[in-house]
Structure formats: C-alpha cells, structure tokens
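Take a look at the structure below.
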Amino acid sequence: MAAEIESSRYARFALRCSNWAERWFPDSWVFAAVAVITVALATLAMGAKPTDAAKAFGDGFWSLIPFTLQMCFVVIGGYVVASSPPAVKLIDKLAHVPKNGRQAVCWVALISMVASLLNWGLSLVFGGLLVRALARRTNLRMDYRAAGAAAYLGLGAV
C-alpha cells in the first residue's frame, strides 16, 4: 500500500513537471529561429554587410548536404537491416521476454544499447520496432512514452 502511495505521489509530481514543461518550454523551431536571429545580429554587430551574412548563411547550409546524406544513409541502412525477415523474427522473440511494463522498458533500453554497439542507425530503428512489437502485446501494460524514450538510449551508448 505504501509503495502505491509513493508511486502515485511520484507520478503526480512527474505529471505536474511534464505539464509545466509542455506549457512553458517553446518548440525546438523557436530555439532554432532565435539562434539564427542571434547569429545574424552578432554578424551585423561585428561589421559585416547584410548581403555577406546572408551569403555565408546560404553557403554554410549547402555545405551540410554531404553530411546530411551520410546520416540519411546510416538511418536507411539501419531500417533495411532492422526490418529484414531475420531481424523481425528476432524482434518478435525479444518482445516476449519481459513479464511486466517496467521490465519491458528496461529491456528496450538494454537491447537498444546493445544494438548501438553494432550501429547507431540500427539501434535507433531496432529499438523503435521492438517498442512497437511490445505494444502489440495485449497482456503487457507499459508506459509507451518511457518505452519510446528507452529506445533512444542506444544513441547515448555509442
């Protein structure tokens, strides 16, 4: 009984924090826009002409294309491997290991981190597909938000 009270107290506190953050923290687009405006103003304050600042911004953007393409290939390659028939069978087997929701979240975190030792793109997709397979289980009550976050832990394990 005491554990349920503590759990609900922590859950209420976590929900209050989450609601506060959703209300007061802006979207990531706002951070990006503020960063671009700040850099543009700093460039102008240092004496650069507006046309030079705009040209440098445009040149910098297009220089990111090769890196962006490489990252796309990593993620697409991870998807190709993780959605292959042998990997799908493995994911289905792994999805039947946890017995409850907490074990499922920990299991997703562990599998995601182990998969990241092979490739971070594989870890990203494999963890997401594992969460989806766990979500299909009707006998498993799991916090899908926590499981989704756990699927990304492989990115920090590299």
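In terms of the working numbering, the sequence shown opens at residue 1 and continues consecutively. The C-beta atom is built at its ideal place from N, Cα and C for all residues, glycine as well. The structure displayed is predicted, hence computed values, not measured ones.
Counted as a single uninterrupted DSSP element, the stretch harbouring Phe25 is not any alpha helix (DSSP H), since DSSP gives it neither H nor E. By the C-beta criterion, the region 52-66 is judged not to be in contact with the region 97-105, since fewer than 3 inter-stretch pairs fall below 8 Å.
Collapsing the DSSP output to three states places Pro98 in coil. For Leu69, the uninterrupted alpha helix (DSSP H) run begins and ends at 65-82, by DSSP. Restricting attention to Ala146, Val36, Phe73, the CA atom closest to the CA of Ala14 is found in Ala146. The beta carbon of Pro66 is closer than 8 Å to none in its chain, skipping five residues each way along the sequence. When DSSP states are grouped into helix, strand and coil, Asn19 belongs to the helix group. Taking the C-beta atoms as reference points, Leu155 is found no nearer than 8 Å to Trp107. Contact holds between the region 124-135 and the region 77-87, because three or more Cβ pairs, one in each stretch, are under 8 Å apart. Of the other Cβ atoms in all chains shown, fewer than 16 fall within 10 Å of the Cβ of Ile37; this residue is therefore exposed.
The beta carbon of Ala82 sits closer than 7 Å to the beta carbons of Leu122, Val125, Phe126, Leu129 from its chain, once the five residues preceding and following it are set aside; these are given in chain order. Proximity to Ala11 across Asp143, Val114, Phe25, Leu117 peaks at Asp143, based on C-alpha coordinates.
For the pair Leu153 and Ser112, the CB atoms are nearer than the 8 Å cut-off.
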